[in-house]
Amino acid sequence: MKKYVYSFQEGTKDMKSLLGGKGANLAEMTNLGLSVPPGFTITTEACIEFYNQNKEISDELMEEIKKNVTLVEQQLGKKFADKDQPLLFSVRSGAVISMPGMMDTILNLGLNDETVVGLAKSTDNERFAYDSYRRFIQMFSDVAMGISKSRFDYVLDGKKEEKGYKEDPELTAEDLKDIIEKYKMIYLEEMKEEFPQDPMKQLYLAVKAVFSSWNNARAITYRNLNGIAHDLGTAVNVQSMVFGNMGNDSGTGVAFSRNPADGTNKIFGEFLMNAQGEDVVAGIRTPKSIDELKTVMPAIYDEFISSAKKLEQHYRDMQDIEFTIQNEKLFFLQTRNGKRTAKAAINVAVDLVEEGLITKEEAVMRIEPAQLDNILHPNFDEKELKKAVRIAKGLPASPGAASGKVYFYAEDVVAAKERGEQCILVRQETSPEDIEGMNSAEGILTARGGMTSHAAVVARGMGKCCVAGCQEIRVDEESKVLKYADKEIHEGDVISLNGSTGEVYLGDVKKVNAELTGNFKKLMGYIDEIKRLGVRTNADTPRDAKTAIDFGAEGIGLCRTEHMFFNEDRIPKVRRMILAKTAEMRQKALDELLPLQREDFIGIYEVMEQRAVTVRLLDPPLHEFLPTTKEDIQELADSMGITFDELRDVVNSLHEVNPMLGHRGCRLAVTYPEIYRMQARAIIEAALEVSSKKDYDLVPEIMVPLIGSEKELKFVKSHIVDEIEKVFAEKGKTIKYLIGTMIEIPRAAITADEIAREAEFFSFGTNDLTQMGFGFSRDDAGKFLGEYEANEILEVSPFEAIDQDGIGKLMKIAVKLGKETRPDIHLGICGEHGGEPSSVEFCHSIGLDYVSCSPYRVPIAKLAAAQAVVKSK
1 MKKYVYSFQE GTKDMKSLLG GKGANLAEMT NLGLSVPPGF TITTEACIEF YNQNKEISDE
61 LMEEIKKNVT LVEQQLGKKF ADKDQPLLFS VRSGAVISMP GMMDTILNLG LNDETVVGLA
121 KSTDNERFAY DSYRRFIQMF SDVAMGISKS RFDYVLDGKK EEKGYKEDPE LTAEDLKDII
181 EKYKMIYLEE MKEEFPQDPM KQLYLAVKAV FSSWNNARAI TYRNLNGIAH DLGTAVNVQS
241 MVFGNMGNDS GTGVAFSRNP ADGTNKIFGE FLMNAQGEDV VAGIRTPKSI DELKTVMPAI
301 YDEFISSAKK LEQHYRDMQD IEFTIQNEKL FFLQTRNGKR TAKAAINVAV DLVEEGLITK
361 EEAVMRIEPA QLDNILHPNF DEKELKKAVR IAKGLPASPG AASGKVYFYA EDVVAAKERG
421 EQCILVRQET SPEDIEGMNS AEGILTARGG MTSHAAVVAR GMGKCCVAGC QEIRVDEESK
481 VLKYADKEIH EGDVISLNGS TGEVYLGDVK KVNAELTGNF KKLMGYIDEI KRLGVRTNAD
541 TPRDAKTAID FGAEGIGLCR TEHMFFNEDR IPKVRRMILA KTAEMRQKAL DELLPLQRED
601 FIGIYEVMEQ RAVTVRLLDP PLHEFLPTTK EDIQELADSM GITFDELRDV VNSLHEVNPM
661 LGHRGCRLAV TYPEIYRMQA RAIIEAALEV SSKKDYDLVP EIMVPLIGSE KELKFVKSHI
721 VDEIEKVFAE KGKTIKYLIG TMIEIPRAAI TADEIAREAE FFSFGTNDLT QMGFGFSRDD
781 AGKFLGEYEA NEILEVSPFE AIDQDGIGKL MKIAVKLGKE TRPDIHLGIC GEHGGEPSSV
841 EFCHSIGLDY VSCSPYRVPI AKLAAAQAVV KSK
């Protein structure tokens with residue numbers, strides 16, 4: 001017969017999946033010789049069986065529970081339900097993974113109208129006994145039976161008010177007896193039956209309540225949010241009671257072996273004398289700092305400090321410890337790895353390495369990538385945030401905190417920034433022509449778009465805070481009004497954005513900056529020692545490149561040249577190039593753009609020094625560069641010496657029904673080879689100049705986007721190579737260079753063996769590969785992907801994490817075929833997935849050489865790359 005119940009002596013910390021985290025740790029502390037009140041754990045498998053038995057506890061399980069109750073009785077010399085000296089229990093849930101939402105603790109189980117009299121006599125403390133019974137009825141009714149706690153609080157507060165008491169301990173035994181009778185009446189009214197007097201029935205109902213709490217709404221939501229499996233089940237811990245409310249020589253507390261806020265190696269916690277456990281966390285009374293225990297009970301304090309350090313060294317991690325003092329004797333009720341802030345996680349991990357308790361590999365595994373994401377950006381001051389007025393919530397598209405005056409047009413943001421104002425750009429959705437405004441803004445808020453919309457992708461690249469797809473607001477750009485609920489925000493009003501949570505607040509909220517020195521740098525050093533994957537950045541300016549280097553980037557995996565064209569000086573030249581009626585006119589415009597492009601690349605090469613730089617040639621459809629308003633069309637027509645109607649007709653002719661699948665990327669170069677010729681010349685001339693000036697050995701990497709066939713790349717490459725040879729002839733110098741392509745079209749992935757005959761490297765553009773592979777528009781998919789996730793059609797949006805079964809299979813095919821043709825082919829990824837931890841691990845597993853991501857995600861990608869190595873071992 002399967003064993004479903006284990007005494008604390010029978011378990012170990014390695015039995016977590018069976019006993020839950022709490023049960024495994026109670027067993028471990030017992031076996032370490034710490035003073036742990038005896039008890040037993042009902043396994044997670046019993047919980048799963050409970051659901052298989054239509055939410056009923058089997059007779060066989062109850063027999064096991066009764067046997068273990070008898071074992072505890074023998075250990076303590078007390079009897080469960082004894083009228084003279086009763087044994088009482090606490091009942092707690094204990095899942096494999098610590099999670100909020102599970103059932104709260106029930107204390108003092110086993111008390112009834114008879115045993116309470118025995119407890120009073122055996123302790124010679126009538127008030128204590130009836131206070132314990134009062135607490136038990138309230139906890140059992142609330143936690144196990146679902147009766148609102150407020151009904152009991154009303155009675156308790158009423159009695160205190162009637163008697164003029166301020167604190168619970170002022171209640172007399174007679175007061176408590178009266179409260180108990182009223183509590184039992186509430187139970188009878190709500191449950192239509194008397195409060196259970198049989199202790200074994202109490203235990204049966206409590207265990208059933210713990211199992212049922214595994215599938216309550218809060219627990220399910222938490223598991224969904226944190227990717228925790230729904231079939232793990234929860235254990236139940238039944239532990240003999242010790243009492244912190246037996247008088248002034250008793251107490252209870254919670255403490256951490258280190259400070260969970262900053263990781264300082266000093267005990268951090270609180271305690272209350274003459275109290276039970278829930279008093280500390282419920283806020284009913286104000287606890288005292290654990291340091292004061294040294295004055296109140298010096299011997300207990302010393303024992304606690306010694307035991308806390310013993311537990312930390314045994315578990316080799318910061319511990320969260322619950323304890324009770326009963327008649328000047330210390331008992332340990334729980335220990336677990338303590339939850340901590342990002343700052344504390346880094347400090348504790350590095351300190352434990354330096355103390356010799358853990359290895360560098362273990363330290364790296366102790367940090368959650370999401371924690372790094374939080375620490376890299378400015379964040380709101382938590383105290384100030386509690387006072388802030390939240391007005392809406394969208395998608396947390398790019399982390400960090402930002403405040404500023406609201407502006408609805410990019411040019412207005414640029415002008416306001418020049419006046420010294422801090423601004424938030426608010427748009428329905430951004431487009432490439434908003435790039436200057438986005439660059440000048442503190443943060444970006446859009447009503448539309450998803451986590452990989454233009455606003456989200458560009459904001460992450462710039463390290464700007466961004467809340468996207470905020471459907472709780474309405475943006476009227478023409479009237480310059482942001483509407484939420486029944487209120488309005490006008491241009492110039494101040495709002496604050498939390499890009500880590502997606503929340504929008506009224507007014508300016510105080511911020512705090514991240515500290516990226518000391519232990520953070522030491523941790524990044526560990527990561528660099530362990531990881532195999534290279535980590536580059538997506539950067540289009542020297543400033544972004546410098547930011548990425550400061551975060552540890554090893555090169556640029558994606559330099560988007562189109563972002564270089566969207567400013568007031570260049571856009572007219574770009575537009576004249578696009579709208580040219582003859583090749584001569586187009587070449588004239590390109591000649592004007594050439595020195596500007598060359599300076600762009602000189603700036604980037606100088607910042608990157610000898611690190612790799614992959615430049616993607618022009619990618620977006622041409623219409624994105626063209627004016628859309630009457631005023632802008634007229635201005636451009638005047639500068640070109642043509643009429644408004646002529647220019648409008650040309651602009652309209654370039655409009656495409658589906659531009660993402662239209663005349664863009666390498667297709668532009670097939671139609672207008674001179675565009676890529678100009679860019680290739682600018683890249684090579686810049687590399688030659690910087691190589692000569694700095695004595696660098698640069699190897700430019702030129703990436704042709706949107707290739708779908710070998711012939712396509714061969715045609716475009718012939719023009720690029722021809723232009724580069726002309727530069728070499730003119731300059732009398734040569735330089736090594738690579739020409740490759742972005743694998744972003746499914747056809748390119750499945751014909752990669754052919755494309756590799758021309759391409760010297762592949763860089764996976766997973767944004768478009770996902771878009772084309774699924775047939776989802778990444779800007780519109782936000783309208784339905786939430787339902788896909790809710791209905792478990794998709795576990796997560798494929799634009800957030802690589803779809804390993806489908807898109808990932810295309811990548812594997814491309815890697816295999818590419819290496820067959822060109823064994824030394826260089827392989828990377830530059831889509832936004834390059835900074836997402838599970839995607840980085842996947843890239844490691846399929847043998848890519850590097851991932852590339854926005855500057856602020858570089859440390860996250862490096863951490864994920866190191867964790868991939870440790871996991872693979």
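Note that UniProt numbering numbers the sequence shown so that position 54 is 54, with each residue one more than the last. Glycine residues also receive a C-beta, built at the ideal position from the N, C-alpha and C atoms.
query: Cα separation between Asp824 and Glu433?; result: 39 Å
query: Per DSSP, what kind of secondary structure is Ser453 in: helix, strand or coil?; result: coil
query: On the DSSP bridge assignment, give the partners of residue 878 in chain order.; result: With the chain covering only 1 through 873, there is no way to say anything about residue 878.
query: At 4 residues or longer, what runs of the alpha helix (DSSP H) sit wholly inside the stretch 285-356?; result: 293-296, 298-315, 342-354
query: With C-beta atoms as the reference, is Pro199 less than 8 Å away from Phe80?; result: yes
query: Helix, strand or coil for Gln610 per DSSP?; result: coil
query: Once you ignore the five residues that flank Arg427 on each side, which residues in its own chain have a CB closer than 6 Å to its CB?; result: Thr446
query: For Ser709 versus Thr751, is the C-beta distance shorter than 8 Å?; result: yes
query: Report the rounded CA-to-CA distance for Ile137 versus Gly253, giving the unit in angstroms.; result: 22 Å
query: By how many angstroms is the C-alpha of Val210 removed from the C-alpha of Gln53?; result: 15 Å
query: If we ignore side chains and look at the alpha-carbon of each, how far apart do Glu836 and Leu785 end up?; result: 18 Å
query: Using CA atoms only, rank isn't needed, just tell me which of Arg560, Leu516, Ala441, Met29 is closest to Cys853.; result: Arg560
query: Is the distance from the Cβ of Gln679 to the Cβ of Leu738 below 8 Å?; result: no
query: List the whole-angstrom C-beta distance separating Leu698 from Gln610, where the pair is believed to meet the contact cut-off of C-beta under 8 Å.; result: 7 Å
query: Am I right that Ala397 and Ala455 are in contact with their C-beta atoms under 8 Å? What's the rounded C-beta distance?; result: 7 Å
query: State whether the stretch 801-820 contacts the stretch 532-544, with contact taken as three or more CB pairs (one from each stretch) at a distance under 8 Å.; result: no
query: Going by beta carbon distance, what residues of the same chain come within less than 6 Å of Asp142, once the five residues before and after it are set aside?; result: Lys149
query: Under a Cβ-count criterion, where at least 16 other Cβ atoms within 10 Å of its own Cβ denotes burial, should Met185 be classed as buried or exposed?; result: exposed
query: Using 10 angstroms around the beta-carbon of Val704, count the other beta-carbons present and answer buried if the total reaches 16, otherwise exposed.; result: buried
query: Check this for me: beta carbons of Phe761 and Ile743, under 8 Å apart or not?; result: no
query: So if DSSP puts Cys534 in a beta bridge, which residue, or which two residues, is it bridged to?; result: The sequence given here places Gly at residue 534; Cys does not occur at that position. Beta-bridge pairing links Gly534 to Tyr850.
query: In or out: Asn652 buried (at least 16 other Cβ within 10 Å) or exposed?; result: exposed
query: Quick one: residues in its chain with C-beta nearer than 7 Å to the C-beta of Gly11, no 5 flanking neighbours on either side, listed in chain order?; result: Leu19, Gly23, Ala24, Ala27, Thr41
query: Going by the beta-carbon positions, is the gap between Ala553 and Val574 smaller than 8 Å?; result: no
query: Given that a residue counts as buried once 16 or more other Cβ atoms are within 10 Å of its Cβ, and exposed if not, what is Gln371?; result: buried
query: Tell me, please, which residues DSSP counts as bridged to Met703.; result: Arg616, Gly740
query: Helix, strand or coil, according to DSSP, for Leu111 in the structure here?; result: coil
query: Quick one: Cα of Val721 to Cα of Lys711, how far?; result: 15 Å
query: Cβ of Ile530 within 8 Å of Cβ of Val851?; result: no
query: In whole angstroms, give me the CA-to-CA distance for Glu56 and Lys66.; result: 17 Å
query: Does the stretch 356-363 come close enough to the stretch 489-499 that 3 or more CB-CB pairs lie under 8 Å?; result: no
query: Cutting at 7 Å between CB atoms, please list the residues of its own chain near Ser839, excluding the five before and the five after it.; result: Ala801, Ile802, His833
query: If you draw a straight line from the alpha carbon of Gln74 to that of Ala120, how long is it in whole angstroms?; result: 22 Å
query: Among all the DSSP beta bridges, which residues are the ones paired with Glu488?; result: Lys483
query: In this structure, how does DSSP classify Val117 when only helix, strand and coil are distinguished?; result: helix
query: I'd like to check one pair, Arg460 with Tyr856: are the Cβ atoms closer than 8 Å?; result: yes
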